[in-house]
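Some notes on the structure that comes next.
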Amino acid sequence: YRTRREMQRENANIDVWVRQGLLRVTPGNVTDYEVIRRDIARLAGQYDIRKIGYDRWNSSQLVIDLLNDGLPMDGFQQSISNISPPTKEFERLARSGDLEHYGNPILRWMVSNVVVYRDANDNLKPVKNRSPEKIDGVVAAIEAIGEWMSAQRTPPARSIYEERGLRTF
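The numbering used here puts the first residue of the sequence shown at 1173, with every later residue one more than the last.
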């Protein structure tokens, strides 16, 4: 979600993407977070959303509102040690052809803007190649993969009574 003016400065294809229904811009000169909140609420009515990962930077009021709406919010730490495993999985999916993006030109453009930083421990983190260009969609996809990976590692809570039954004295 961006204002039209911001997006036009960043990419000349903005109007095409809006006409194609691929991009939603908020009216006015600033991002309207209430529009975003309503869109998320609409999607929550259509899908079984288990967790919404978000970048903690500049998201506090929207997150508070979504929590008050009953949505499962989870701040995603973008430290290199935390973002590296889902970045590697994103890269694996992309290289294997298993990353389904339905030919979305916005994601394709954002992928072209990403450079992967690799540290001495072979951790990976997406960074911008050209500072004004956007990579937000790629980072959001990586965060979603990270949330999915976290859910796979966390076994469902089981009651002790399912293991041993009820004990009486």
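C-beta: ideal position from N, C-alpha, C; glycine also. If you're wondering where the values come from, they're calculated on a predicted model, not measured in any experiment.
Residue from the options whose Cα sits closest to the Cα of residue i
i, options, result
"Asp1291", "Ser1256, Arg1267, Met1321", "Ser1256"
"Glu1319", "Arg1228, Lys1223, Pro1304, Ser1268", "Lys1223"
"Asp1294", "Ala1323, Asn1254, Pro1304, Val1311", "Asn1254"
"Glu1305", "Val1287, Ser1322, Met1321", "Val1287"
"Ala1213", "Gln1192, Met1245, Leu1279", "Met1245"
"Tyr1226", "Arg1325, Met1321, Val1311", "Val1311"
Expected contact under 8 angstroms - CB spacing of residue i and residue j to nearest Å
i, j, result
"Tyr1289", "Lys1297", "5 angstroms"
"Gly1242", "Met1282", "Not a contact, Cβ separation roughly 31 angstroms."
"Asn1285", "Ile1307", "5 angstroms"
"Ile1186", "Leu1194", "Ile1186 to Leu1194, Cβ: 10 angstroms. No contact."
Outcome for residue i when other beta-carbon atoms lying within 10 angstroms are tallied against a minimum of 16
i, result
"Ala1313", "buried"
"Pro1258", "buried"
"Val1355", "This structure cannot speak to residue 1355, because the chain is shown only from 1173 to 1341."
Beta bridge counterpart(s) of residue i as assigned by DSSP
i, result
"Val1311", "Paired residue(s): none; Val1311 is not in a bridge."
Item to check | contact_flag[the region 1261-1280, the region 1207-1222] where n(CB pairs < 8 angstroms) is 3 or more | outcome: no
Checklist entry - Three or more C-beta pairs closer than 8 angstroms, one from the region 1200-1213 and one from the region 1224-1235: is that the case here? => result yes
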